[in-house]
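Okay, structure first, notes after.
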Amino acid sequence: MSLRLPRWFQPAADSIAANHMRQGKSPWSDAFHVLWSSWVFISPIFSPRGWDRTWLIGTLVSYPVFLLLYARVLLCPARRRTLYALALMGLCAALLPWYPAGLNYFVFGCVMLRPSRRQRMWHYMGTLLALSLALVAWSLWLGYPWQMTIWMPFTVLSLGGMIGMQELDQQKDAVLRLSQDEVRRLASVAERERIGRDLHDLLGHTLSLVALKSDLAARLAQRDAAAARSEMEDVSRVAREALAQVRRAVSGIRSAELAAELASAKLLLEADGVAFDYRIDCALLPGPVETVFALVLREAATNVQRHAHARRVEVTVGSEGRHWVLRVHDNGRGGDLVPGTGMSSMRERVQALSGTLQLDSTRGAGTTVIARVPQAQPVEPARQASVAPLEAPVG
Numbered sequence: 001m002s003l004r005l006p007r008w009f010q011p012a013a014d015s016i017a018a019n020h021m022r023q024g025k026s027p028w029s030d031a032f033h034v035l036w037s038s039w040v041f042i043s044p045i046f047s048p049r050g051w052d053r054t055w056l057i058g059t060l061v062s063y064p065v066f067l068l069l070y071a072r073v074l075l076c077p078a079r080r081r082t083l084y085a086l087a088l089m090g091l092c093a094a095l096l097p098w099y100p101a102g103l104n105y106f107v108f109g110c111v112m113l114r115p116s117r118r119q120r121m122w123h124y125m126g127t128l129l130a131l132s133l134a135l136v137a138w139s140l141w142l143g144y145p146w147q148m149t150i151w152m153p154f155t156v157l158s159l160g161g162m163i164g165m166q167e168l169d170q171q172k173d174a175v176l177r178l179s180q181d182e183v184r185r186l187a188s189v190a191e192r193e194r195i196g197r198d199l200h201d202l203l204g205h206t207l208s209l210v211a212l213k214s215d216l217a218a219r220l221a222q223r224d225a226a227a228a229r230s231e232m233e234d235v236s237r238v239a240r241e242a243l244a245q246v247r248r249a250v251s252g253i254r255s256a257e258l259a260a261e262l263a264s265a266k267l268l269l270e271a272d273g274v275a276f277d278y279r280i281d282c283a284l285l286p287g288p289v290e291t292v293f294a295l296v297l298r299e300a301a302t303n304v305q306r307h308a309h310a311r312r313v314e315v316t317v318g319s320e321g322r323h324w325v326l327r328v329h330d331n332g333r334g335g336d337l338v339p340g341t342g343m344s345s346m347r348e349r350v351q352a353l354s355g356t357l358q359l360d361s362t363r364g365a366g367t368t369v370i371a372r373v374p375q376a377q378p379v380e381p382a383r384q385a386s387v388a389p390l391e392a393p394v395g
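Per UniProt numbering, the sequence shown starts with residue 1, numbered consecutively.
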């Protein structure tokens, strides 16, 4: 019997926890931050009263409420996140007259505000500064020594700024992923439309010819059996030719993986101010090779965007000797490489085709990713060059 969580304890579609799940992370990835609330239990060391009865009652009453509000911040819809973050700050303000340890709840409330996609970073930081100064004023009015609260603005701004930048980066990555998915979808639609037009032109003519010759053979069958047989042989030949042409046409229906990834990489990198050039030096690519090259290109472009600090990326696809070769070079900072899960997976895919994946990186000279696959792969008559020109201007 499975345990079903209450509805209010399940993540909303646009919640922080749901976003983590879409990225393959645990929905509770942010829950470890709750460890910082241990200051609630440590802060009495710096108080003359220590762990007295007031602190004990305040902690027993407030800490479960804090945990509940923090969980709701992670699970609630984005439109309600500010409400729960402000509730954390309100919990601190309400407890402050007799419970100094509640200052920790205020820090959590400020950090969990998080900037929205439409909010500029300076506006978010200004909000944090105003809230923290308001808390300092409230604590001074209550008679707290200034040494006890002066650290609050610095703590809130440093932690809030760090979390805010991370949040904005994640939002930017999410927008880019949506844009890349749309590019791939449009490339797939365009490819299917092209093949649909090709099939219409091909079959329209061929089927008309088959119908004409079949009618002619039927009329000749009673008068001239030899002529009728000849016409039916023509029908058979035309049908076989049409079948071969249809097979060649639909062999390119793999949704234009490499074309989509080139367009997607161009969009991703030029959005970051990285110039993107590509060159295709081959006319045919086997289906499995094109798929693997597309995936390697996707991973390489993502790594450049996240880590390389490059200004230019060059991609070439072609043949060298008896190998198909994909080469991705950036002029970023280079240096020591720590292969991640994505590139390790790409290496396995390339090796599954008896190929090799090579990573060369020199500090200050950029990084080059080279995928080589033997040409002894079953070659389908793929789309010409397998890619179409990308019209977006090179940044």
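Beta carbons: idealized from backbone N, C-alpha and C, even for Gly.
A quick note: this is a predicted structure, and the numbers were derived from the prediction, not measured.
In angstroms with no decimal places, state the Cα-to-Cα distance between G335 and A101.
Position 335 of the sequence shown holds residue 335. Position 101 of the sequence shown holds residue 101. Here the alpha carbon of G335 sits roughly 46 Å from the alpha carbon of A101.
According to the Cβ coordinates, are G109 and M125 closer than 9 Å?
Looking up residue 109 in the sequence shown gives position 109. Looking up residue 125 in the sequence shown gives position 125. G109 places its beta carbon 9 Å or farther from that of M125.
Could you tell me the alpha carbon to alpha carbon distance between V328 and N104, rounded to whole angstroms?
By 1-based counting over the sequence shown, the position of residue 328 is 328. By 1-based counting over the sequence shown, the position of residue 104 is 104. Each residue's Cα considered, the two are about 48 Å apart.
What did DSSP end up calling residue 419 once you bin it into helix, strand or coil?
Residue 419 falls outside the range modelled here, since the chain spans only 1 to 395, and no answer is possible.
Member of S43, S38 and E299 whose CA lies at the smallest distance from the CA of F66
As a working mapping, residue 66 is identified with position 66 in the sequence shown. When each option's Cα is compared against that of F66, the closest is S38.
Would you mind stating whether L96 and L69 have Cβ atoms separated by less than 9 Å?
As a first step, residue 96 must be located in the sequence shown, where it is residue number 96. As a first step, residue 69 must be located in the sequence shown, where it is residue number 69. Contact annotation: L96 and L69 have beta-carbon atoms that are not nearer than 9 Å.
With 16 other CB atoms within 10 Å as the buried threshold, where does S15 fall?
Locating residue 15 in the sequence shown gives position 15, counting from the first residue. Around the beta carbon of S15, a 10 Å sphere encloses 16 or more other beta carbons of the protein chains shown; the residue is thus reported as buried.
For A275, write down the residues that DSSP places opposite it in a beta bridge.
Within the sequence shown, residue 275 is the residue found at index 275, counting from 1. Per DSSP, R312.
Closest to A371 by CA distance: which of A365, R347 and L269 is it?
Mapped onto the sequence shown, residue 371 falls at position 371. Looking from the CA of A371, the closest CA among A365, R347 and L269 belongs to R347.
Closest residue to H123 among G160, Q147, Y99 and A137 (Cα-Cα distance):
Start at 1 with the first residue of the sequence shown, and residue 123 comes out as number 123. Here the closest residue by C-alpha is G160.
Using a Cβ-Cβ cutoff of less than 7 Å, which residues in the same chain neighbour A365 once the five nearest sequence positions on both sides are dropped?
Your numbering for residue 365 matches position 365 in the sequence shown. Excluding sequence neighbours, A365 sits near G334.
Checking the sheet assignment: what are the DSSP bridge partners for Q305?
As a position in the sequence shown, residue 305 is number 305, starting the count at 1. Per DSSP, none; premise fails for Q305.
Could you check whether the Cβ of D330 sits closer than 9 Å to any Cβ belonging to chain D?
The displayed structure is made up of one protein chain only, and chain D is not part of it.
Taking the alpha-carbon positions, what's the Q375 to L216 distance?
Within the sequence shown, numbered from 1, the residue matching residue 375 stands at position 375. Within the sequence shown, numbered from 1, the residue matching residue 216 stands at position 216. Straight-line Cα distance between these residues: approximately 47 Å.
L35 classed as buried or exposed, judged by whether at least 16 other C-beta atoms fall within 10 angstroms
The residue labelled residue 35 in the question sits at position 35 within the sequence shown. L35 is exposed by the Cβ-count criterion.
Three-state secondary structure (DSSP) at residue 479?
There is no way to answer for residue 479, as the model of the chain reaches only from 1 to 395.
So is Q222 buried or exposed if we call it buried at 16+ other beta carbons inside 10 Å?
For the purposes of this step, residue 222 is taken as residue 222 along the sequence shown, with counting starting at 1. Counting every other CB atom within 10 Å of its CB across the protein chains shown gives Q222 a total below 16, marking it as exposed.
Taking D281 as the reference, give the member of E320, L269 and R306 with the closest Cα.
As a position in the sequence shown, residue 281 is number 281, starting the count at 1. Looking at E320, L269 and R306, the one whose alpha-carbon comes closest to that of D281 is E320.
Under the three-state reduction of DSSP, which class applies to L357: helix, strand or coil?
In the sequence shown, counting from the first residue as 1, residue 357 sits at position 357. If DSSP states are grouped into helix, strand and coil, L357 belongs with the strands.
Please confirm whether G332 and R279 have their CB atoms less than 9 Å apart.
Within the sequence shown, residue 332 is the residue found at index 332, counting from 1. Within the sequence shown, residue 279 is the residue found at index 279, counting from 1. In this structure, G332 keeps its C-beta atom at 9 Å or more from the C-beta atom of R279.
Identify every run of the alpha helix (DSSP H) within the stretch 124-162, keeping only runs that are complete inside it and at least 4 residues long; order them along the chain.
Taken in chain order, the whole alpha helix (DSSP H) runs of length 4 or more contained in the stretch 124-162 are 146-149.
Residue range of the alpha helix (DSSP H) that G109 falls in?
Working through the sequence shown from its first residue, we reach residue 109 at position 109. G109 -> alpha helix (DSSP H) spans L103 to V111.
So, for L157: in the same chain, excluding its five sequence neighbours on each side, which residues have a beta-carbon less than 8 Å away from its beta-carbon?
Here residue 157 corresponds to residue number 157 of the sequence shown, with the count starting at 1. Correct list, in chain order: M125, L128, L129 and S132.
Could you give the first and the last residue of the continuous alpha helix (DSSP H) run that contains V34?
In the sequence shown, residue 34 corresponds to position 34, counting from 1. V34 -> no alpha helix (DSSP H), and no H or E assigned at all.
Nearest residue (CA-CA) to E270, options A85, A310, V61 and M232
The residue you call residue 270 lines up with position 270 of the sequence shown. Each of A85, A310, V61 and M232 was checked against the Cα of E270, and the nearest Cα belongs to A310.
Segment limits, beta strand (DSSP E) that includes R372
Reading the sequence shown from its first residue, position 372 is the one you call residue 372. From DSSP, the beta strand (DSSP E) with R372 extends over G366 to P374.
T82: which of A301, R322 and L113 sits nearest, CA to CA?
The residue given as residue 82 occupies position 82 in the sequence shown. Closest option to T82, Cα to Cα, is L113.
What residues match up with V328 in a beta bridge as DSSP calls it?
Within the sequence shown, residue 328 is the residue found at index 328, counting from 1. Beta-bridge annotation (DSSP): V328 is paired with V315 and V369.
Suppose you measure from the CA of G273 to the CA of I163; what does that come to, to the nearest Å?
For this step, residue 273 is matched to residue 273 along the sequence shown. For this step, residue 163 is matched to residue 163 along the sequence shown. Per the coordinates, the alpha-carbon of G273 lies some 24 Å from the alpha-carbon of I163.
Residues bridged to L362 by DSSP?
On the sequence shown, residue 362 is found 362 positions in, with the first residue counted as 1. Contrary to the premise, residue 362 reads as Thr rather than Leu in this sequence. Per DSSP, the beta bridge partners of T362 are G366.
Candidates F154, I150 and R237: which alpha carbon is nearest S214's?
Stepping through the sequence shown from its first residue, residue 214 is reached at position 214. Ranked by how close their Cα comes to the Cα of S214, the residues F154, I150 and R237 have R237 in first place.
With a threshold of 16 other CB atoms inside 10 Å of the CB of F293, please say whether the residue is buried or exposed.
Your numbering for residue 293 matches position 293 in the sequence shown. Of the residues assessed, F293 falls on the buried side of the cut-off, its CB having 16 or more other CB atoms within 10 angstroms.
Cβ atoms of A301 and S264: under 9 Å apart, would you say?
The residue given as residue 264 occupies position 264 in the sequence shown. The residue given as residue 301 occupies position 301 in the sequence shown. Yes, the Cβ-Cβ distance between S264 and A301 is below 9 Å.
For R298 and V73, I'd like the C-alpha separation in whole angstroms.
Residue mapping note: residue 298 aligns to position 298 of the sequence shown, counting from 1. Residue mapping note: residue 73 aligns to position 73 of the sequence shown, counting from 1. R298 and V73: Cα-Cα distance of roughly 33 Å.
Tell me where the alpha helix (DSSP H) around L96 begins and ends.
Position 96 of the sequence shown, counted from the start, is the residue given in the question as residue 96. Run containing L96: none; DSSP gives neither H nor E here.
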